[in-house]
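*Asks:*
Protein chains: 2
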Amino acid sequence: MPAGPIAPPIAPLTQMMAEYSDPSQCPVRNVLDQLGDKWSVLIITALAHRPYRFGELKREISDISQRMLTQTLRDLQADGLIERTVFPTTPPSVEYKLSPMGRSFLVPLSAMVDWAFEHFPAIREARQEFAKAA
Amino acid sequence: MPAGPIAPPIAPLTQMMAEYSDPSQCPVRNVLDQLGDKWSVLIITALAHRPYRFGELKREISDISQRMLTQTLRDLQADGLIERTVFPTTPPSVEYKLSPMGRSFLVPLSAMVDWAFEHFPAIREARQEFAKAA
DNA sequence: CAGCATCCAGGCTGATACTG
DNA sequence: CAGTATCAGCCTGGATGCTG
């Protein structure tokens, strides 16, 4: 069985495969479900720069609805990726920032982002080619 | 502006942010939309080992429906991540395998998988903590 | 064996209106 | 300012039955 160019990555992938049977128990499923949603990555990306208040985020990610912003922030907080701090001023102010774990997530995320930028032209070409063939 | 522990990743993330306005034009959106779906990663993972035939994949990923398998395979093929080869035997046989680009994708994917495995315990804890607080 | 067409339920998502 | 609540549309995704 020739190893091919990328032997190392396969080990964890195999492990994932073994554990996927119950999606709720699969670490990768759990992470990708979060990533896959429409807004998590954008929020994490914004928070990679600096802490934001709710309204600031709303403006930064202009086309997110208030509901989705609230919901996604809560989910990210529940997973421990971001920290929420309430300042009991009047009017109240709430700050969101990446937790240490959230910051550590930027590493694999940026690897994905790099790959996406590098290969997106090829993907676009492939899609056009595929559409033409059909 | 202190750089913090992970300065490098932020650059591409910023770039992503700048281009996200039109989701269909955002490389990251495009890639993550594919990743985010329920089956792509599992299929890519399976194909990381060796080429598979349709029925083999169906059995390997036992709880995928035929429809979703067909559809996901087609999407991945359209993006140029996998290659489809038809052997005109009777009965027909179709083989799926990762393209070179598909194999290159294993690198960032495995980074995500590694991160997921490493931090999943902490995420589970955070969720329980969060649920308790609420 | 591999794949398509149809039907259908459920969840995601946004718009809107209201609260502390 | 920072949310919550309710409602309605859409689209994903599964089950079933049929074709080459």
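Just so you know, the sequences run in chain order A and B.
Our numbering puts the first residue of the first sequence at 1, with every later residue one more than the last.
Our numbering puts the first residue of the second sequence at 1001, with every later residue one more than the last.
Idealized CB from N, CA, C, for every residue including glycine.
1. Have a look at B:Ile1064 and A:Lys132 and give me their C-alpha separation to the nearest angstrom.
2. For the alpha helix (DSSP H) that A:Ser93 lies in, which residues bound it at each end?
3. Between B:Ala1003 and chain A, is the shortest Cβ-Cβ distance under 7 Å, so that the two count as touching?
4. Could you check what DSSP says for A:Ile82 in three-state terms: helix, strand or coil?
5. CB-CB under 7 Å to B:Ser1099, same chain, minus the five flanking residues each way: which ones, in chain order?
6. Have a look at A:Phe120 and B:Gly1036 and give me their C-alpha separation to the nearest angstrom.
7. Which residues, taken in chain order from the segment 89-103 of chain A, show a beta carbon closer than 8 Å to some beta carbon of chain B?
8. Provide the residue span of the alpha helix (DSSP H) that contains B:Arg1059, from first to last.
9. Under 8 Å: do the segment 1062-1078 of chain B and the segment 1103-1120 of chain B share three or more Cβ pairs, one atom per stretch?
10. Compare the C-beta of A:Ala111 against all C-beta atoms of chain B and say whether one is closer than 7 Å.
11. Mind checking if B:Trp1115 is an interface residue toward chain A, Cβ cutoff 7 Å exclusive?
12. Whose CA, out of B:Leu1047, B:Ile1061 and B:Ala1078, lies closest to the CA of A:Gln128?
13. Pop quiz: A:Leu57 and A:Ile44 are said to be a contact at Cβ under 8 Å. What is the actual Cβ separation, rounded to whole angstroms?
14. Alpha carbon to alpha carbon, what distance is there between B:Tyr1096 and A:Gly4?
15. Taking A:Val94 as the reference, which of A:Gly55, A:Ala46 and A:Glu60 has the closest Cα?
16. By alpha-carbon positions, which one of B:Phe1130, B:Ala1134, B:Ala1126 and B:Val1113 ends up nearest to A:Pro27?
17. Please confirm if B:Gly1055 has its CB atom under 7 Å from at least one CB of chain A.
18. For B:Val1041, which residues in the same chain have their Cβ closer than 8 Å to its Cβ, ignoring the five residues on either side in sequence?
19. Could you tell me if B:Ala1134 is buried or exposed, where buried requires 16 or more neighbouring beta carbons within 10 angstroms of its beta carbon?
20. Please report how far the alpha carbon of A:Glu125 lies from the alpha carbon of A:Ala111, in whole angstroms.
21. Go ahead and label B:Val1031 buried or exposed: buried means 16 or more other beta carbons lie within 10 angstroms of its beta carbon, across all protein chains shown.
22. Measure the C-alpha to C-alpha separation of A:Trp39 and B:Phe1087 and round it to an integer number of angstroms.
23. Using DSSP's beta-bridge definition, name the partner residues of A:Phe130.
24. Rounded to whole angstroms, what is the Cα-Cα separation between B:Arg1074 and B:Leu1047?
*Replies:* Concretely, from the data shown:
1. Take the alpha-carbon of B:Ile1064 and the one of A:Lys132: they are about 29 Å apart.
2. A:Ser93 -> not in any alpha helix (DSSP H); beta strand (DSSP E) instead, spanning Ser93 to Leu98.
3. Note on B:Ala1003: pLDDT 39, under 50, position unreliable in the model; the coordinate value appears next. It does not: the Cβ of B:Ala1003 has no partner Cβ on chain A nearer than 7 Å.
4. strand
5. Gly1080, Leu1081, Ile1082 and Glu1083
6. About 17 Å.
7. Met101 and Arg103
8. Phe1054 to Glu1060
9. no
10. True, the Cβ-Cβ gap to chain B drops below 7 Å.
11. yes
12. B:Ala1078
13. Between A:Ile44 and A:Leu57 the Cβ distance is about 11 Å, and since that is not below 8 Å, they are no contact.
14. Legend: pLDDT at A:Gly4 = 42, less than 50; position of this residue unreliable, value from coordinates given subsequently. Cα to Cα, the separation comes out at about 17 Å.
15. Ranking A:Gly55, A:Ala46 and A:Glu60 by Cα distance to A:Val94 puts A:Gly55 first.
16. B:Val1113
17. By the rule that beta-carbons nearer than 7 Å mark a contact, B:Gly1055 does not touch chain A.
18. Leu1035 and Leu1109
19. Within a 10 Å sphere around the beta-carbon of B:Ala1134 sit fewer than 16 other beta-carbons, which makes this residue exposed.
20. The C-alpha of A:Glu125 lies about 22 Å from the C-alpha of A:Ala111.
21. buried
22. 42 Å
23. According to DSSP, which records beta bridges pairwise, A:Phe130 is partnered with nothing at all.
24. When only Cα atoms are considered, B:Arg1074 and B:Leu1047 end up about 14 Å apart.
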